[in-house]
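**Q**
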Amino acid sequence: MANIKQQVKRIRKNEEARRRNKAVKSRIKTAIRRYREAVEAGDGEQATTRQREAARLLDKAVSKGVIHKNQAANKKSRMAHRAERFTVDAKAGKTPA
1 MANIKQQVKR IRKNEEARRR NKAVKSRIKT AIRRYREAVE AGDGEQATTR QREAARLLDK
61 AVSKGVIHKN QAANKKSRMA HRAERFTVDA KAGKTPA
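Structure (structure tokens):
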């Protein structure tokens, strides 16, 4: 344990931030998983809603400094790619792989 008062406070604040960041990241992962499950189930309307929800959480995490903006952009791009594959496969009568 640190002897310096300011360092003790810094340790405490870092732990609070770590817990908060972990909770936000967990919500993001859950939202992306729910989106992926909706796509795999073939529910287009639900998938669109889940994609919007996940993108919103990603943008909030970026604005709060939890994740980098490029990481959020990459995750949103992958979701959009999966959604596009889903719609193309649905029109062709295939199930997405």
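This note's numbering applies: residue 1 is where the sequence shown begins, and numbers increase by one.
Positions of the beta carbon are idealized from the N, C-alpha and C atoms, including for glycine.
#1: My output table needs one value for A2: the three-state DSSP class, helix, strand or coil.
#2: V66 by DSSP, collapsed to three states: which one?
#3: Let me confirm a value: K75 is counted as buried when at least 16 other C-beta atoms fall within 10 Å, else exposed. Which label applies?
#4: Would you mind stating whether Q51 and A83 have Cβ atoms separated by less than 9 angstroms?
#5: Can you tell which of V62, A55, F86, V88 has the C-alpha that lies nearest to the C-alpha of S77?
**A** For this structure:
#1: coil
#2: coil
#3: buried
#4: yes
#5: A55
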